[in-house]
Amino acid sequence: MALTLVSSTQRLSLAAVPPVTTLIAAETGLDAFRIGMATTITVVVMGIGSPLSAQITHLISRERIMALGALLVVVGCAVRAVPPLWVTLYVGSVVGGLGIAMVGTMVPGVIAERLPHTIGLAVGATTFSLTLGAVVVSSLTAPIAGAVGAPLAMAVWAVPAMVGLLVWLPFTRRSERTPGGRTRLPWNSGSAWLSVALMSGQSTTFVIVLAWVAPSLQQAGMTLEVAGLMLGAVTLGNMTGAMISPLLSQGGGDRRRVLLVTLALTVAGALYLAIGTTSGALPMMLMLGLGIGGGFGVVLSLLIDLGSSPRATAGLSAMTFLIAYLASAPGAALSGAIRDVTGGFAPVWFVVVAVSLAQIPIALALGPRRFGTVRIAGIAPDPTPALPRG
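Spelled out as structure tokens, the structure:
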């Protein structure tokens, strides 16, 4: 319960900005591009902050790094209530992004160390909780802003972040820092680079879908309100897929079959959007969400499988998130540029199809023979032994 609550803080500051873009523009005079940069900055800081978090595990325990990260999310949300908003909007992005990185990078290592026999359940629960947090924030920020204004509506999410922090604090008292030197990143590991490529593809697909599903369906003839509901269907599918895919994929120790199914679902949903129809949108958007969320859940599980120990998992997670977040950060803007040049969304969805298909050989390469092969080089052997996988 505590791990799921602290994990839910990972999307609170990030998801609060898009629903109130219009109100932020009216209050600050910022255009859509500059407001959108708040989200881009968050993602970039998430990428940069991931390896920085791994570097301090010999000074501070993973559990305390997560607590510090949750505290930064609290501050990142709350600071947006302080004027002037055109400044604190970006301050919140930087502080909140660093907090998200600290929590997210440590979660796989904590699961590997504390919950080695229930990895599928733990990954599913934590992924579901962060997705649920994003859904709640996306759904309620705009109505709250209608009553109290955009700054307070974005800042109010400091409250659930604080709840997650307080529930997690007792676990920091019993934790110890990782013995040895800094946790280095496994740059020389082929398995690590495969996980980087897989997560980069998953993250890029996610940001493109999040940005352009609703506008694409509107261009196909759907009303604004119904298109918003379809984006909600994608999110619902995302939540469901993220929760069940780690459980389904743990049987037999080979996660490739479930991962290939999630890629097929993503391709089917993207091709549907490329056609430009609105008939049968609900089941297709649920399918698209299942594919994206399910793929993300499996990849998180693979990070734990590939690491030879909790410490190696932390280094692998840091390297993977660093590159994946930085690679996916411009995804929405670049796909928007493709739409502007071509005049339609079909090329955007063909990009998603291509990215998903490119992940198939990578997924096939990440079989059980690679589990436990990612090690931290250049330092003494990891003092935390590898644990049985569940």
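Our numbering puts the first residue of the sequence shown at 544, with every later residue one more than the last.
Ideal placement from N, C-alpha and C gives every residue a C-beta, glycine not left out.
Contact between Ala817 and Trp700 does not hold, since their C-beta atoms are separated by about 35 Å, which reaches or exceeds 8 Å.
Taking C-alpha positions only, Gly784 is separated from Val801 by approximately 11 Å. In the same chain as Ala813, and ignoring 5 residues on each side of it, the C-beta atoms closer than 6 Å to its own belong to Trp892, Val895 and Val896, in chain order. Here DSSP, grouped into helix, strand and coil, assigns Val917 to strand.
Take the alpha-carbon of Arg657 and the one of Gly910: they are about 24 Å apart. Within the region 842-909, the runs of alpha helix (DSSP H) that reach at least 4 residues and sit entirely inside it are, in chain order, 853-871, 874-885 and 889-908.
Under the three-state reduction of DSSP output, Ala559 falls in the coil class, being neither helix nor strand.
Taking all protein chains shown into account, Glu768 has fewer than 16 neighbouring C-beta atoms within 10 Å of its C-beta and is therefore exposed. Close CB contacts of Ser788 within its chain, under the 6 Å cut and outside five residues either way in sequence, are with Val801, Gly837, Gly840 and Val841 (chain order). Val587: member of the alpha helix (DSSP H) spanning Ala575 to Gln598, first to last residue.
When Cβ pairs closer than 8 Å are counted between the two stretches, the region 554-569 is seen to touch the region 685-704, the count reaching three or more. Here DSSP, grouped into helix, strand and coil, assigns Ala763 to coil. In this structure Val739 does not touch Ala861 by the C-beta definition: roughly 11 Å separates them, more than the 8 Å allowed. No residue range can be given for Ile603, since it is assigned to no alpha helix (DSSP H) and is classified by DSSP as neither H nor E. Cα atoms of Leu829 and Leu611: separation of roughly 35 Å, rounded to the nearest angstrom. From the listed residues Thr565, Ser732, Arg727 and Leu900, the smallest Cα separation to Arg854 is found for Arg727. Non-local C-beta neighbours of Leu760 in its own chain, meaning closer than 8 Å and more than five positions away in sequence, comprise Val769, Ala770, Met773, Leu816, Thr821 and Ala824, ordered along the chain. In this model, Gly886 and Thr600 are separated by some 49 Å (Cα to Cα).
With the rule of 3 Cβ pairs closer than 8 Å, the region 639-651 counts as touching the region 579-599. For Ser550, the enclosing alpha helix (DSSP H) starts and ends at Ala545 to Ser550.
For Ala696, the enclosing alpha helix (DSSP H) stretches over residues Ala693 to Ala698.
Three or more Cβ pairs drawn from the region 622-630 and the region 566-574 lie within less than 8 Å of each other, which places the two stretches in contact. The Cβ-Cβ distance between Ser871 and Val586 falls below 8 Å. Gly572 sits in coil when the DSSP states are folded into three classes, being neither helix nor strand. In the three-state reduction of the DSSP assignment, Trp711 falls in the helix class. The three-state reading of DSSP puts Ser822 in coil, since its state is none of H, G, I, E or B.
Residue burial annotation: Phe914 is buried, with at least 16 other C-beta atoms found within 10 angstroms of its C-beta. Val588 sits away from Val622, with the two beta carbons spaced by 8 Å or more.
Here Arg727 carries a coil assignment [DSSP, helix/strand/coil].
With a beta-carbon spacing of about 21 Å, Gly579 and Val616 fall beyond the 8 Å limit used to define contacts. Between Arg918 and Pro729, the C-beta gap is smaller than 8 Å, which places the two residues in contact.
Per DSSP, Thr661 lies in no alpha helix (DSSP H) and is assigned neither H nor E.
Taking 8 Å as the cut-off, the Cβ atoms of Phe671 and Met786 count as close. At the C-beta level, Ala696 and Val810 stay beyond 8 Å of one another.
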